[in-house]
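Before any comments, here is the structure.
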Amino acid sequence: MKDLLTRVTSTAAEKFGAEYAEVRAQKLFKTSFTMKEGRVEAAKQGIENGVALRTLVKGAWGSASVGSFDTAILMDAISDACVMARQAGLRLKNPIRLAATKAIEDHVQVKPKRNPSEVSIEEKIKNASSTNNVALKSDKRVKSCTIDYFDLTGTSYFANNEGTYIEQDKLYVWSRLTASALQNGVFTFSREEIGSTLGYEIFDKDPPEILGERLAKRAVSQLNAKSPKGGTFPAVLGPNVVGVFVHEAFGHLAEADLALSGGVLADNMGKKIASDLVTFYDDGTINGAFGSFKYDDEGVPAKKTLLIKDGVVTGLMHNRETAQKFNSEPTGNARAEDFRVEPIIRMRNTYMAPRERSLEELIEGVDFGYYFKNFRGGQANLDGTFQVGIQEAYEIVKGEVGDPVRDASISGNTLETLLKVDAVGKDFELSAGRCGKGQTAFIGDGGPNIRVREVIVGGSA
Amino acid sequence: MAVLEKEFMLSLAENTVKTAQQKGAAEAEAFVYEGKATNIGIERGQITKNDRILDRGIGIRVQIRKAIGFAYTNIIENQTAIETTVIKALEAARASKPDNDWKGLPEKKPYPQIEKTFDVKILELHSDELVNVATAMLDAAIEADKRVLPIEGGCGAGYVSNAIANSHGIAGFDQATMIECSLATLAKDGSNVTPVCFEFNAERNFNVNPVWVGKEAARLAVSALKTKQMETKKYELIFTQFALQELLYYTLVNAVEADNVQRNQSPFKEKLSTQVGSEKLTIYDDGLLPGGLRTGIFDGEGFPHQKTLLMEKGVLHSFLYDNYTAKKAGVESTGNASRAGYLSTPNVEATNFHILPGSKSADQMLSEVDDGLLVSYLQGAHSSNPVSGEFSVVATPAWRIKKGKIEYATRGVMLAGNIFELLKNINEVGSNERKMGQLVAPWLRVANVKVIGK
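Protein chains in written order, with the numbering used here: chain E, -2 to 458; chain Y, 18 to 471.
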């Protein structure tokens, strides 16, 4: 493989005049299924082999991707990519350049306790089936349960014309579970998501009894919940709501490509934009976390990147192109979903660092507000307007957790909200998730419980 | 670029079905896919990239003792790889659990004629011609106003073909083209930076209008510069297609899919023949719509596409079925099995979700609003409660309507309510239909929606 890939990249440089050329190849095997109320829709297995070629010619990118390792096809594709780059760059005013990186040769191996490729499909189905049974049998009002399971194993290969050659074993295990409950015409909905890069042993930590019970309980507990009041209120956010907030509301703004595209952070480097209590990281090095890997898809080592320290913006997430523009170091955030698409700046594990307070202390300080414990989804705009949908919430009345509240969401301006963080807890959690930015990336996000002086609560009551 | 021949793809599908039967499948289906696309990418005001992708593969679905297995590969030129994939599918079926509701793959039916889904000009387009299309769009945006920054976008031309065969004699081939221009912009005036605005145009034939996309994307961003806050109360809202696409996909479209109905995940379960929407609302799912972005001869199981009446003057008429859910309910499939190329098994999905237009133009719709909001771009619709329809989303930017005219923009306001209540309160349907992915719809106007201001 090394010979083939390096031959392709050197051809681009020597024969077609490319400043830079890289090849990413993958040989991946995926297993997945969807189970609905215990019925397996179809157990699936798939092979995805392919190669992506990318070149920089006169400051513009040209890329081609093919589902083949055939030498002639790859040579043809690299020639095309170089021609296409020239066409793209005809009117380029600001040519693209890349930050320098060290040439690396490495072979990264995974060492799972249980490799998902060696666990039978029967066992994977049986495990999901048990979770399904726990969820559906725990309460009559639980009407549906959907479990998606996915694992991926295999190897990715990276070579560029600067002497880097990396082989990296890939391993992901992921499951998403949703349940709905019904009572007197009220429908509620709950979801859980787990994921790991360690191995199938993730299910030892979250066995069916625990996962199914948690899923069902949350759906049922909302049946008697009320709608939130619409308006501005103080709020305590749970670790996974903080995680989604850090990822959606702040993280995307700290992706250097979006920062350059008019995002609000580009002009705030080194400035204090948040409360002293706020420290954020994007970290690709946490062992086993869903967003971790050793090298990104430009062959750059994944780092632990400090984004905000004690309220001051300290860094952005970069690929080689944006690192050059900001005169900074690449951080290892360039990721491509597969060989069909180009690497773009993506988060890894993004989180808020914990401090000292207990959850009780945070709640005690609120006269009337909301405790947003669990999220449903989130989204943000480049101008810093964020929205996080909430699946589990409670009123806080006179310093105590009160009645449950359903279908709430919170919103606000990211920077304004970061200044309003007035207490940060000590109980840290990191969750697995997926992020969509045209492509899907496996990520982690998290943090402790925090308290915010005010957020906008979207409610119809 | 040469594409795979119809005969090659069909015989590959048919031979694979035979192989699967010989190796022990009680039923078998093969779906052969080819996709080619060329894209020109724009970043921060200039064209910076050009890429092409070729993706081919086969997905094989088999049934053994009522258990379903599926496997796919993107190596189709090699018989050994295909046989290995057949074996993987059989292995998956043997490992899976029997499903007593399984009543067989679909039977062969006559195929309809469809129009305006394939244009050889798109297939033969060179990437330098596509660069010209992107340039026209970009220039139109930049020349419209100095304050506009086109941050991201591009043009793409794509070709997709698929062949399907199953052990009940289904054998179908379809090919399609699409061309798309899109541009995301913001406007910057000193320290005043607007939220991102977006416009696009996608067509099956080579008749996109890149200049219109560029101008509109620029106009929208500039119109979002002047802003004021608004107070929290109920307003009359006009939803453009951008907003409807977001709001309806996770709720109304979800609610008419038989899979969700059968699994108690739809509020419409007991609502057939009852009033569930405003009398102004008539909706078809139309897999045959000429030039529709989801139009095709057959669905993901080779079942013919059709036009299905979903709602007539607000009365719920039918649900959408694939083969499995139809047989479970004892009705005919409506041809709504969808699949993501060769990578997935079919699932129930709308084709062109067509809300029929009314008679009022956009200007007339606006002129009748005394105090309201024009809503296009939503954040967070995917976190709506898909079953109950409760939503709580951010609209940014949105445009304030006063005495029939758009006065200024608002940023970061929230909308909250229940989509199924909202459907009953639609008081006007525009004549300005456009297609946006799955949705084909005009503007809709709704009274009394809660807006949470800042």
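No residue lacks a Cβ here, since even glycine has one placed at the ideal position from N, Cα and C. Note that the structure is predicted; figures quoted are calculated from it, not measured.
Query                                                                                                                           : Result
Complete alpha helix (DSSP H) runs within the stretch 295 to 349 of chain E (minimum length 4 residues, chain order)            : 317 to 322
Cβ neighbours of lysine 110 (chain E) in the same chain (closer than 7 Å, five flanking residues each side left out)            : Gly196 and Glu198
Beta strand (DSSP E) runs wholly inside the stretch 173 to 213 of chain E, at least 3 long, in chain order                      : 183 to 193
Separation of arginine 343 (chain E) from isoleucine 57 (chain Y), as counted between CA atoms                                  : 21 Å
Contact under 8 Å by Cβ, glycine 43 (chain E) with alanine 88 (chain Y)                                                         : yes
Distance, phenylalanine 25 (chain Y) Cα to proline 414 (chain Y) Cα                                                             : 50 Å
Within-8 Å CB hit, arginine 88 (chain E) to chain Y                                                                             : yes
Minimum length 3: unbroken beta strand (DSSP E) runs contained in the stretch 94 to 121 of chain E                              : 102 to 105
Under the three-state DSSP convention, the category leucine 432 (chain Y) falls into                                            : strand
C-beta contact flag for glycine 309 (chain Y) and aspartate 316 (chain Y) at 8 Å                                                : no
Where the alpha helix (DSSP H) containing aspartate 537 (chain E) begins and where it ends                                      : With chain E covering -2 to 458 only, the question about residue 537 (chain E) has no answer from this structure.
Sub-8 Å separation of tyrosine 394 (chain Y) and alanine 379 (chain Y) beta-carbons                                             : no
Residues from the stretch 307 to 330 of chain E in contact with chain Y, defined by Cβ distance under 8 Å                       : none
Top-ranked residue by Cα proximity to isoleucine 469 (chain Y), from Y:Glu366, Y:Phe370 and Y:Lys250                            : Y:Lys250
Contact the stretch 409 to 427 of chain E vs the stretch 19 to 38 of chain Y: 3+ CB pairs below 8 Å                             : no
Which listed residue (E:Ile407, E:Ala125, E:Lys134 and E:Thr150) has its alpha carbon closest to that of lysine 370 (chain E)   : E:Ile407
Three-way DSSP call (helix, strand, coil) for aspartate 145 (chain Y) in this model                                             : helix
Every unbroken beta strand (DSSP E) inside the stretch 276 to 315 of chain Y [3 residues or more]                               : 300 to 303
Cβ of serine 405 (chain Y) within 8 Å of any chain E Cβ                                                                         : yes
8 Å CB neighbourhood of alanine 4 (chain Y) in its chain, flanking five on each side removed                                    : Outside the displayed range of chain Y (18 to 471) lies residue 4 (chain Y), so it cannot be described from this structure.
8 Å Cβ cutoff, methionine 431 (chain Y) in contact with chain E                                                                 : yes
Alpha-carbon to alpha-carbon, aspartate 264 (chain E) and aspartate 424 (chain E)                                               : 33 Å
Local conformation of methionine 328 (chain Y) per DSSP, three classes                                                          : strand
Those runs of the beta strand (DSSP E) which lie wholly inside the stretch 372 to 451 of chain Y and span at least 3 residues   : 388 to 392, 407 to 412, 415 to 419, 422 to 427, 430 to 435 and 443 to 446
For glutamate 220 (chain Y), the three-state DSSP class (helix, strand or coil)                                                 : strand
Length of the line joining the Cα atoms of glutamate 329 (chain Y) and phenylalanine 437 (chain Y)                              : 16 Å
Closest residue to asparagine 378 (chain E) among E:Val261, E:Gly443, E:Asp293 and E:Gly308 (Cα-Cα distance)                    : E:Val261
Same chain, Cβ closer than 6 Å to threonine 257 (chain Y), neighbours up to 5 away in sequence not counted                      : Ser393 and Trp460
8 Å Cβ cut-off: residues of chain Y touching threonine 382 (chain E)                                                            : Pro212, Gln396, Val411, Thr413, Arg428 and Gly429
DSSP-derived helix/strand/coil call for methionine 195 (chain Y)                                                                : strand
CB contact check: histidine 371 (chain Y) to chain E, cutoff 8 Å                                                                : no
Spatial distance of leucine 168 (chain E) from asparagine 237 (chain E) (CA atoms)                                              : 24 Å
Proximity below 8 Å, CB of glycine 347 (chain Y) to CB of phenylalanine 320 (chain Y)                                           : no
The stretch 446 to 457 of chain Y touching the stretch 356 to 374 of chain Y, judged by at least three CB pairs closer than 8 Å : yes
Whole-angstrom distance between isoleucine 187 (chain Y) and threonine 126 (chain Y), CA atom to CA atom                        : For the record, residue 126 (chain Y) in the displayed sequence is lysine; it is not threonine. Taking the straight line from one Cα to the other gives about 8 Å.
Span of the beta strand (DSSP E) around glutamine 80 (chain Y)                                                                  : 63 to 81
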